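> Positions 1 to 691 (our numbering) are the ones given, in order, by the sequence shown.
Yeah, the Cβ is synthetic: ideal placement off N, Cα and C, and Gly gets one too.
Values in this document were obtained by computation on a predicted structure and should not be read as measured data.
Before anything else, here's the structure in question.
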Amino acid sequence: MSDYLVIVESPAKAKTIERYLGKKYSVKASMGHVIDLPKSQTGIDVENNFEPRYITVRGKGPILNELKKAAKKAKKVYLAADPDREGEAIAWHLAHTLNIEEDESCRVVFNEITKDAVKSSFKNPRSINMNLVNAQQARRVLDRLVGYNISPLLWKKVKKGLSAGRVQSVAVKMIIDRENEIKNFVPEEYWSITGQFQKGKKDFEAKFYGTNGEKQELKSKDDVDAILNRMNGQKFEVKKVNKRERKRNPSLPFTTSSLQQEAFRKLNFRAKKTMMIAQQLYEGINLGGREGTTGLITYMRTDSTRISETAKSEARDWINEQYGKDFLGPNRKAKNSEGAQDAHEAIRPTSPKRAPSNIKDKLSRDQYRLYKLIWERFMASQMAPAVLDTVTAHLWNNDVEFRASGSQIKFKGFMKLYVEGTDDQKKEENKILPPLKEGDVVEADEINPDQHFTQPPPRYTEARLVKTLEEKGIGRPSTYAPTLDTIQRRGYVALDNRRFVPTELGEIVNDLLKEYFPEIINVEFTVKMEQDLDNIEEGSKEWREIIGIFYEDFEKRLEKAEEEIEKVEVRDEPAGVTCENCGHEMVYKMGRYGKFLACSNFPDCRNTKPILKEIGVKCPKCKEGNVVERKSKKRRTFYGCDRFPDCDFVSWDKPIERPCPKCSSLLVEKKKKKGTQITCTECDYEESVQQ
Numbered sequence: 001m002s003d004y005l006v007i008v009e010s011p012a013k014a015k016t017i018e019r020y021l022g023k024k025y026s027v028k029a030s031m032g033h034v035i036d037l038p039k040s041q042t043g044i045d046v047e048n049n050f051e052p053r054y055i056t057v058r059g060k061g062p063i064l065n066e067l068k069k070a071a072k073k074a075k076k077v078y079l080a081a082d083p084d085r086e087g088e089a090i091a092w093h094l095a096h097t098l099n100i101e102e103d104e105s106c107r108v109v110f111n112e113i114t115k116d117a118v119k120s121s122f123k124n125p126r127s128i129n130m131n132l133v134n135a136q137q138a139r140r141v142l143d144r145l146v147g148y149n150i151s152p153l154l155w156k157k158v159k160k161g162l163s164a165g166r167v168q169s170v171a172v173k174m175i176i177d178r179e180n181e182i183k184n185f186v187p188e189e190y191w192s193i194t195g196q197f198q199k200g201k202k203d204f205e206a207k208f209y210g211t212n213g214e215k216q217e218l219k220s221k222d223d224v225d226a227i228l229n230r231m232n233g234q235k236f237e238v239k240k241v242n243k244r245e246r247k248r249n250p251s252l253p254f255t256t257s258s259l260q261q262e263a264f265r266k267l268n269f270r271a272k273k274t275m276m277i278a279q280q281l282y283e284g285i286n287l288g289g290r291e292g293t294t295g296l297i298t299y300m301r302t303d304s305t306r307i308s309e310t311a312k313s314e315a316r317d318w319i320n321e322q323y324g325k326d327f328l329g330p331n332r333k334a335k336n337s338e339g340a341q342d343a344h345e346a347i348r349p350t351s352p353k354r355a356p357s358n359i360k361d362k363l364s365r366d367q368y369r370l371y372k373l374i375w376e377r378f379m380a381s382q383m384a385p386a387v388l389d390t391v392t393a394h395l396w397n398n399d400v401e402f403r404a405s406g407s408q409i410k411f412k413g414f415m416k417l418y419v420e421g422t423d424d425q426k427k428e429e430n431k432i433l434p435p436l437k438e439g440d441v442v443e444a445d446e447i448n449p450d451q452h453f454t455q456p457p458p459r460y461t462e463a464r465l466v467k468t469l470e471e472k473g474i475g476r477p478s479t480y481a482p483t484l485d486t487i488q489r490r491g492y493v494a495l496d497n498r499r500f501v502p503t504e505l506g507e508i509v510n511d512l513l514k515e516y517f518p519e520i521i522n523v524e525f526t527v528k529m530e531q532d533l534d535n536i537e538e539g540s541k542e543w544r545e546i547i548g549i550f551y552e553d554f555e556k557r558l559e560k561a562e563e564e565i566e567k568v569e570v571r572d573e574p575a576g577v578t579c580e581n582c583g584h585e586m587v588y589k590m591g592r593y594g595k596f597l598a599c600s601n602f603p604d605c606r607n608t609k610p611i612l613k614e615i616g617v618k619c620p621k622c623k624e625g626n627v628v629e630r631k632s633k634k635r636r637t638f639y640g641c642d643r644f645p646d647c648d649f650v651s652w653d654k655p656i657e658r659p660c661p662k663c664s665s666l667l668v669e670k671k672k673k674k675g676t677q678i679t680c681t682e683c684d685y686e687e688s689v690q691q
């Protein structure tokens with residue numbers, strides 16, 4: 001029989017920890033919350049100072065009984081749930097259920113599941129932190145009061161299955177506001193002038209800057225013509241050459257938000273998938289041999305960029321061994337965003353010396369890719385800045401100034417290992433100018449004016465939305481992924497080309513909330529509430545008082561909404577085709593991945609079909625059907641015949657209408673790093689596509 005009982009949330013975590021602690025310890029999993037608010041009712045006694053009514057979670061009775069039996073036999077019980085508010089609440093509920101005194105040193109926390117970290121935490125157990133528990137209780141009570149009161153109202157007035165919440169409703173409003181910005185955007189005309197020059201055998205380009213040494217904008221063709229008429233021919237004098245050295249610092253290690261953003265950009269991972277795989281890496285992977293099952297990364301819900309001195313030292317030793325001391329960066333301090341809780345370290349590998357390539361065969365493909373991203377980002381954060389040589393040449397022609405810029409990486413520094421992604425996927429390029437000095441005369445081979453129009457702000461991708469939520473102080477690391485998942489499942493938004501677009505349903509719900517519950521979708525209110533929760537965690541505010549202030553006004557608004565909101569009919573848009581199963585009209589429906597066709601005779605007829613997008617190409621196999629764009633189960637685009645299943649033609653690459661000029665076979669477009677290429681499916685013919 002084991003002397004000590006340790007309770008964690010998951011079996012994977014239990015298995016890893018039990019191996020570190022030895023035979024005297026029995027480690028069991030609670031499988032998350034065993035005690036919680038009831039699902040079928042609000043569970044908050046408003047008349048009794050917002051007292052929560054906790055019950056045993058349905059289906060968790062046998063687990064709880066097993067834990068009670070094990071606790072009676074053990075000399076001491078340790079509660080080792082995750083090191084955050086949620087984990088503290090789980091530990092608190094377990095302590096009450098197992099009759100553990102609140103002031104008993106039963107709580108152990110660790111930021112990483114490694115042998116040293118786990119053993120160290122058991123040497124320093126503490127009592128349950130009631131400030132953390134109360135902050136979590138306040139969030140749960142607040143979300144219950146909002147969700148379990150507004151949601152039934154939406155079911156009654158709009159349709160079943162809807163919900164409202166502080167963070168999700170603000171996220172939907174932001175997506176709708178951005179869509180309105182795009183709709184109301186008025187493009188403005190502007191022009192640019194680019195000159196193509198040659199010096200020796202080296203070509204380079206320069207762009208119009210201004211006149212008489214001052215920057216000038218070109219807003220019309222008249223402005224362009226005035227500049228072109230002012231120039232004397234196409235010879236330019238090099239008036240000045242500026243050379244300088246520029247340093248580029250590496251990014252700080254990942255927080256939850258930056259990890260979700262970068263995994264989206266570089267790995268095409270949704271936020272939910274990123275957190276699921278990060279959880280696996282945190283809880284432990286079986287590496288075999290002496291290491292066995294071990295946690296590969298630190299806790300993945302954090303808004304801090306702080307790292308331990310031990311991890312920093314190990315990383316710097318590895319960099320010195322692999323690249324030399326020139327690649328070691330200065331000892332940089334973490335810079336946390338305003339409002340960051342800084343409860344944990346940044347997300348980093350538990351052992352910097354455990355390179356991804358050394359454990360690739362122990363990981364799934366997605367685990368490896370995410371671990372590699374985390375490892376490279378952390379290691380690069382300890383490396384030297386990259387050094388770039390930049391040159392700007394000022395070319396003059398009758399007081400008309402063009403500027404040519406070039407840069408060259410002089411020292412790669414951290415860029416030898418890792419470069420942060422961007423939303424527009426710009427790449428670091430070496431753009432070298434030919435040797436130019438003051439007094440040189442260069443002649444333009446071509447001078448090309450180009451008309452442009454300003455573009456509306458882009459729709460939110462998951463990465464952009466998470467970044468904006470974090471910047472505004474809405475939500476916390478643990479809420480980003482569930483929020484994005486919820487607003488799609490409810491049908492408030494859909495994804496179009498990996499970008500969020502609001503649905504009609506989302507706009508209807510947003511309008512109702514805006515009129516009757518403006519504070520729920522108010523950014524400032526939501527940010528203040530997050531700050532109040534932080535203050536509760538710090539012990540400077542009482543949670544019931546915060547809830548009371550909110551509920552006083554909320555209750556009045558709820559009564560008004562019940563009386564005034566009329567039934568809203570959400571009509572489906574006719575698709576103009578009939579259902580082949582029952583003959584009723586098909587209508588457009590909105591799902592989490594966009595529009596699809598469904599029979600209007602639902603639920604008697606459950607026929608649904610994807611909306612097929614024709615690409616203007618006849619099927620190369622049956623010669624009768626048309627090639628249409630389809631989506632796989634994993635939302636990957638492919639192309640097939642619209643006569644499927646009678647014709648089984650499919651292609652991952654987009655077919656084009658004309659045949660191969662060499663063998664008359666099918667030509668397809670292939671996306672490559674250097675751009676799009678047209679290739680033949682049978683012979684070696686290929687051509688580049690002009691961008």
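#1: Helix, strand or coil, according to DSSP, for Gly61 in the structure here?
#2: Spell out the partners DSSP gives Tyr4 in its beta bridges.
#3: Using CA atoms only, rank isn't needed, just tell me which of Phe327, Ser40, Met31, Thr608 is closest to Glu66.
#4: When the distance is taken between beta carbons, is Tyr460 closer than 7 angstroms to Arg178?
#5: Could you check how far apart the C-beta atoms of Glu181 and Pro518 are, in whole angstroms? I think they sit under 8 angstroms.
#6: Which residue wins for smallest C-alpha separation from Gly625, given the options Pro645, Thr608, Asn320, Gln198?
#7: Does Met130 pass the burial test, meaning 16 or more other C-beta atoms within 10 Å, or should it be called exposed?
#8: Using 10 angstroms around the beta-carbon of Trp543, count the other beta-carbons present and answer buried if the total reaches 16, otherwise exposed.
#9: Could you give the distance in angstroms between the alpha-carbon of Pro655 and the alpha-carbon of Cys622?
#10: Under a three-way DSSP split, which group does Pro330 fall into?
#11: Determine the contact status of Gln260 and Ala271, defining contact as a CB-CB distance below 7 angstroms.
#12: So Leu5 and Lys28 are in contact, right, with Cβ under 8 angstroms, and what is the actual spacing, rounded?
#13: Would you kindly report the start and end of the unbroken alpha helix (DSSP H) that includes Val146?
#14: One question on the structure: do Ala206 and Arg403 come within less than 7 angstroms of each other, judged by their Cβ atoms?
#15: Using a Cβ-Cβ cut-off of 8 angstroms (strictly less than) and excluding sequence neighbours within five positions of Val8, which residues of its own chain qualify?
#16: Can you give me the Cβ contacts of Leu328 inside the same chain, cut-off strictly under 8 angstroms, excluding the 5 residues immediately before and after it?
#17: By the DSSP assignment, the beta strand (DSSP E) with Pro482 in it spans what residues?
#18: Counting only runs of 3+ residues fully inside the segment 361-449, write out the beta strand (DSSP E) ranges in chain order.
#19: Output the boundary residues of the alpha helix (DSSP H) element that contains Thr256.
#20: Counting C-beta neighbours from all protein chains within 10 Å, is the total for Glu217 16 or more, i.e. buried, or is it exposed?
#21: Whole beta strand (DSSP E) runs in the segment 193-274 with 3 or more residues, listed along the chain?
#22: At the level of alpha carbons, what is the spacing between Ile35 and Lys72?
#23: For Cys605, which residues in the same chain have their Cβ closer than 8 angstroms to its Cβ, ignoring the five residues on either side in sequence?
#24: My understanding is that Gly284 touches Thr298, with C-beta atoms under 8 angstroms, so please give their C-beta distance in whole angstroms.
#25: Who are the Cβ neighbours of Asp450 in its own chain at under 8 angstroms, not counting the five residues just before and after it?
#26: What's the call for Pro62, buried or exposed, on a 16-neighbour Cβ count within 10 Å?
#27: Run the CB neighbour count on Gln198, radius 10 Å, all protein chains shown included, and call it buried at 16 or more, exposed below.
#28: Can you name, in chain order, every residue of its own chain whose Cβ lies under 6 angstroms from the Cβ of Ser251, other than the five neighbours on each side?
#29: Opposite Phe453 in the DSSP bridges: which residues?
#30: If you reduce the DSSP assignment to three classes, tell me which class Glu338 lands in.
#31: Express the C-alpha separation of Asn111 and Asp342 in angstroms, rounding to a whole number.
#32: Taking one C-beta from the segment 465-474 and one from the segment 430-437 each time, how about it: are there three or more such pairs within less than 8 angstroms?
#33: Name the two residues that bound the continuous beta strand (DSSP E) containing Ser351.
#34: In this structure, does DSSP put Lys654 in helix, strand or coil?
#35: Leaving out the 5 sequence neighbours to the left and right, which residues in its chain are closer than 8 angstroms to Ser632 when beta-carbon positions are compared?
#36: Near Thr486, what residues of its chain come up, given a Cβ to Cβ distance below 8 angstroms and the 5 sequence neighbours on each side ignored?
Let me spell this out:
#1: As a first step, residue 61 is located in the sequence shown; it is residue number 61 there, counting from the start. Gly61: helix per DSSP, three-state reduction.
#2: Stepping through the sequence shown from its first residue, residue 4 is reached at position 4. Bridge partners of Tyr4: Tyr25, Lys76.
#3: Counted from its first residue, the sequence shown places residue 66 at position 66. The shortest C-alpha separation from Glu66 is found at Met31.
#4: Against the sequence shown, residue 178 aligns to sequence position 178. Against the sequence shown, residue 460 aligns to sequence position 460. In contact: Arg178 and Tyr460 (Cβ atoms closer than 7 angstroms).
#5: The residue given as residue 181 occupies position 181 in the sequence shown. The residue given as residue 518 occupies position 518 in the sequence shown. Contact flag wrong, Cβ pair sits at about 20 angstroms.
#6: Mapped onto the sequence shown, residue 625 falls at position 625. When only C-alpha atoms are compared, the closest one is Pro645.
#7: To locate residue 130, count along the sequence shown from 1; it is residue 130. Met130 comes out exposed.
#8: For the purposes of this step, residue 543 is identified with residue 543 of the sequence shown, where counting begins at 1. So Trp543 counts as buried.
#9: Here the question's residue 655 lines up with position 655 in the sequence shown. Here the question's residue 622 lines up with position 622 in the sequence shown. About 14 angstroms.
#10: What you label residue 330 is simply residue 330 of the sequence shown in a count that begins at 1. Correct three-state label for Pro330: coil.
#11: Stepping through the sequence shown from its first residue, residue 260 is reached at position 260. Stepping through the sequence shown from its first residue, residue 271 is reached at position 271. The answer is yes: Cβ separation under 7 angstroms.
#12: Working through the sequence shown from its first residue, we reach residue 5 at position 5. Working through the sequence shown from its first residue, we reach residue 28 at position 28. Contact holds; Cβ gap of about 7 angstroms.
#13: For this step, residue 146 is matched to residue 146 along the sequence shown. Looking at the DSSP string, the run of the alpha helix (DSSP H) that includes Val146 is 130-157.
#14: The count along the sequence shown starts at 1 and reaches residue 206 at position 206. The count along the sequence shown starts at 1 and reaches residue 403 at position 403. Yes, the Cβ-Cβ distance between Ala206 and Arg403 is below 7 angstroms.
#15: For the purposes of this step, residue 8 is identified with residue 8 of the sequence shown, where counting begins at 1. If we look at Val8 and ignore the five residues flanking it on each side, its Cβ neighbours are Ala14, Ile17, Val27, Lys28, Ala29, Ser30, Ala80, Ala81.
#16: In the sequence shown, residue 328 corresponds to position 328, counting from 1. Only Arg316, Ile319, Asn320, Gln382, Met383, Ala384 meet the Cβ criterion.
#17: Position 482 of the sequence shown, counting from 1, holds the residue named residue 482. Run containing Pro482: none in the beta strand (DSSP E); it sits in the alpha helix (DSSP H), 480-489.
#18: 386-397, 400-411
#19: Within the sequence shown, numbered from 1, the residue matching residue 256 stands at position 256. Element bounds for Thr256: 256-267.
#20: Numbered from 1 along the sequence shown, position 217 holds the residue referred to as residue 217. Exposed.
#21: 202-211, 235-248
#22: For the purposes of this step, residue 35 is taken as the residue at position 35 of the sequence shown. For the purposes of this step, residue 72 is taken as the residue at position 72 of the sequence shown. Between Ile35 and Lys72, the C-alpha separation is close to 19 angstroms.
#23: Walking along the sequence shown from the start, residue 605 turns up at place 605. For Cys605, where only same-chain residues beyond five positions count, the Cβ hits under 8 angstroms are Cys579, Asn581, Cys582, His584, Cys599.
#24: By one-based count along the sequence shown, residue 284 stands at place 284. By one-based count along the sequence shown, residue 298 stands at place 298. Wrong, their Cβ atoms sit about 13 angstroms apart, outside the cutoff.
#25: Reading the sequence shown from its first residue, position 450 is the one you call residue 450. Closer than 8 angstroms at Cβ, skipping near neighbours: Trp191, Ser192, Ile193, Thr194.
#26: For the purposes of this step, residue 62 is taken as residue 62 along the sequence shown, with counting starting at 1. The residue in question, Pro62, is exposed, as its Cβ has fewer than 16 Cβ neighbours within 10 Å.
#27: Working through the sequence shown from its first residue, we reach residue 198 at position 198. Looking at its Cβ environment, which holds fewer than 16 other Cβ atoms inside 10 Å, Gln198 is exposed.
#28: Position 251 of the sequence shown, counted from the first residue, corresponds to residue 251. Contacts found: Glu420.
#29: Along the sequence shown, read from residue 1 onward, the residue named residue 453 stands at position 453. In DSSP, Phe453 forms a bridge with Glu189.
#30: Position 338 of the sequence shown, counting from 1, holds the residue named residue 338. Model confidence at Glu338 stands at a pLDDT of 49, short of 50, so the residue's coordinates are unreliable; what they give is reported in the following sentence. Glu338: coil per DSSP, three-state reduction.
#31: What you label residue 342 is simply residue 342 of the sequence shown in a count that begins at 1. What you label residue 111 is simply residue 111 of the sequence shown in a count that begins at 1. Legend: pLDDT at Asp342 = 45, less than 50; position of this residue unreliable, no value from coordinates given.
#32: no
#33: If you number the sequence shown from 1, residue 351 lands on position 351. Segment: none, Ser351 is in no beta strand (DSSP E) and carries neither H nor E.
#34: Taking the first residue of the sequence shown as 1, we reach residue 654 at position 654. Strand at Lys654.
#35: Within the sequence shown, residue 632 is the residue found at index 632, counting from 1. So the list reads Phe638, once near-sequence residues are dropped.
#36: Residue numbering aside, residue 486 sits at position 486 when the sequence shown is read from its first letter. The answer, listed in chain order, is Ser163, Gly165, Gln168.
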